[in-house]
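Q: Under this note's numbering, the first residue of the sequence shown carries the number 18, and numbering increases by one thereafter.
One structure follows; several queries about it will come next.
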Amino acid sequence: MHSLQPQVQILDKTALLFKLYQTYCEVRAERGEMTESFDEFLYWGNIIL
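The structure is reproduced here in structure tokens:
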């Protein structure tokens, strides 16, 4: 018998922060803009997540 609930994968918050930072850096680079260090980004990254 199959479960009626969809399969949900719980991701580690640290891994999500690194992925979000990587994406942030890629977008800023495409625009020719400077990026913050990961330490500076960490505050905003936590708010976004």
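Idealized CB from N, CA, C, for every residue including glycine.
#1: Can you grab the Cα-Cα spacing for the pair residue 34 / residue 59, in whole Å?
#2: Using the three-state DSSP reduction, which class does residue 59 fall into: helix, strand or coil?
#3: Does the separation of the CB atoms of residue 2 and residue 31 fall below 8 Å?
A: Once the coordinates are examined:
#1: Locating residue 34 in the sequence shown gives position 17, where the first residue counts as 1. Locating residue 59 in the sequence shown gives position 42, where the first residue counts as 1. Their Cα atoms are separated by approximately 7 Å.
#2: Residue 59 sits at position 42 when you count from the first residue of the sequence shown. Residue 59 falls in the helix class under three-state DSSP.
#3: Because the chain here runs from 18 to 66, residue 2 falls outside it and cannot be looked at.
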